[in-house]
C-alpha cells in the first residue's frame, strides 16, 4: 500500500533543502554586510576622531595655562563630546573631573615621538570602551582626546539585531513560500500516487484530472492512456475468464446426462466383471475406471460452476475444529503416519459440508503427494482466526510453482503422475473464501509443503 505520508515527507525534504540554501546564502550575505558596515563605521569613527585631534593641536595655545586651556576646552566641547587632557612637562589640565593622567595608556605615551606625531590606542576607562588619540603640539605639550565608543557599540548591537532579524524573517518567508510552491508543484505527483492506489485497489475507472500543457500535463496524459490500456486489458481478461467459466459450466451440464447412463452401465459392468471372458476383463476395467474419473471431473466442474455463479450460499454455523479434523481423518481411513495435533475448544464459523470438503482435499493430497509422514496441526491463530496446517514430508513445491498451485487445472510436474484433475485446490480455496477465510501454501524448512487454512473463529 502506498504510504500517504510519502508526498508530505518528500515535500518536507524539498522545503528543508531550499530553506537551508536560503539560510546559508542569506547568512553569508548578512555576515559580510555586518562586518563591512561595522568596519566602515569604525574607520569613519577613527578618521573623525583623528581629525578632531589634529584640529585641537593646530589651535593649541603657545603657552599652556589654565586660562588658555579653558578657552581651548570651550571650543573643543562646542565641536565634540569627547574629553580632553592636556599635559605639559610638570602639570596637566583635564576637561573632566574623573579624567587624570593615570588614564593615559602607557603604550600611547611610548609611541608618541616629537611634535606633529599622532597615535591612537583603544582602551577601557571606567568600564567604557574608549578610543584615545594622542598628539604632540609644536610647543612640546601633549594633548590626549578621549572618544567614548559606547554609541558605536550600541550601533553595532543594533546593526546585529537588524541583520539577524532580517535573516530570520527571510528564512521564515522562504520556508513558507517554498512549502506553498512545493505543495502546488507536487500536487500532480500526489494525484498520480492516489490515482495509482485507486487503480491498484480495483477502481479501474480512476483517472488523473486534466493538467497544464507542461511536463506534468504530458505525464497525466500518458498515465491516463496507460490506465485506459490496463482497464481494457483487464476487461478482456475478465471477459475471457467469464467465457471460460461459462464454457466449463456448459460442458459439465452437457456431459452430466450421458455420464449418468455411462456410470450406471459401468456399475453393472463392475458387478459382472467376473462373468466376462478373460480377454475382456482388462479393457472393461480400464473403461470403468475412465468413466469414474470423467464422472469425478464433471462433478468438480459442476461444483466450480455453482461457486462461480454464487447460487449456493454457505450455511455458516459454529463448529468445533477438533471434531471436524478427526471426522475427516476417520473418513479417509488415514494411515498411522498421519500425526494430528489439535487444540481442543477452538470453534470456527463455517459450513460443515464445505469445511469437510476442504480438509479432505488438503489431507488426501498430503497423503498422496507428501511421501508419508503427514502432520495436521489445528488451533487458534492470531487476530481472531483459527488455523489448520497440513504439513507433508515430501520434497516440497518448486518456488516458481507456489503461486500457481491454486489455479484451475494446474498440475505440478511432480503431481502429474499421481493423476487428478488439477481442480481440487482451486475448489478448496473458493470454498474457504466463500466462508470468509483463505488457503495459503509455503515450503516448510526441512520438510515438505505446508498448506494453511484460515477461518474466522466463532
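Numbering (our numbering), first residue to last: 129 to 586. Ideal placement from N, C-alpha and C gives every residue a C-beta, glycine not left out. Source: prediction; values computed, not measured.
Original post:
Cβ-heavy atom distance between residue 259 and the ligand HEM below 7 angstroms?
Top reply: Among the ligands in the structure shown, none appear at all, so the ligand HEM cannot be discussed.
Original post:
The alpha helix (DSSP H) spanning residue 204 covers which residue range?
Top reply: 194-207
Subject >> Backbone CA spacing between residue 351 and residue 322 [nearest angstrom] >> reply: 12 angstroms
**OP:** Since I believe residue 577 is in contact with residue 522 (beta carbons under 8 angstroms), could you give me their beta-carbon distance rounded to a whole number of angstroms?
**Re:** 7 angstroms
**OP:** Along the beta strand (DSSP E) that carries residue 583, what are the first and last residues, could you check?
**Re:** 577-584
Original post:
Secondary structure at residue 493, three-state DSSP: helix, strand or coil?
Top reply: helix
Subject >> Endpoints, alpha helix (DSSP H) assigned at residue 528 >> reply: Unbroken run through residue 528: none, as it is neither H nor E.
**OP:** Would you check if the distance between the CB atom of residue 291 and the CB atom of residue 158 is smaller than 8 angstroms?
**Re:** yes
Subject >> Straight-line gap, residue 129 to residue 565 (C-alpha atoms, nearest Å) >> reply: Because residue 129 sits at a pLDDT of 43, beneath the cut-off of 50, its placement in the model cannot be relied upon, and the following sentence gives the value as read from the coordinates. The straight-line gap from Cα to Cα measures roughly 21 angstroms.
Subject >> Spatial neighbours of residue 334 in its chain, beta-carbon cut-off 6 angstroms, leaving aside the 5 residues before and after >> reply: 323, 326 and 327
Original post:
Any idea which residues DSSP pairs residue 275 with across the strands?
Top reply: 259
**OP:** Would you mind reading off the limits of the beta strand (DSSP E) that contains residue 519?
**Re:** 513-519
Subject >> Whether residue 467 touches residue 583 by CB criterion (8 angstroms) >> reply: no
Subject >> Through-space distance from residue 442 to residue 482, alpha-carbon basis >> reply: 8 angstroms
Original post:
To the nearest angstrom, how far is it from the Cα of residue 201 to the Cα of residue 154?
Top reply: 48 angstroms
Original post:
Can you name, in chain order, every residue of its own chain whose Cβ lies under 6 angstroms from the Cβ of residue 573, other than the five neighbours on each side?
Top reply: none
Original post:
Quick one, are the C-beta atoms of residue 428 and residue 551 less than 8 angstroms apart?
Top reply: yes
Original post:
With which residues is residue 220 paired in a DSSP beta bridge?
Top reply: 215
Original post:
Under the three-state reduction of DSSP, which class applies to residue 232: helix, strand or coil?
Top reply: coil
**OP:** Quick one: using the 10 Å Cβ neighbour count with 16 as the cut-off for buried, is residue 515 buried or exposed?
**Re:** buried
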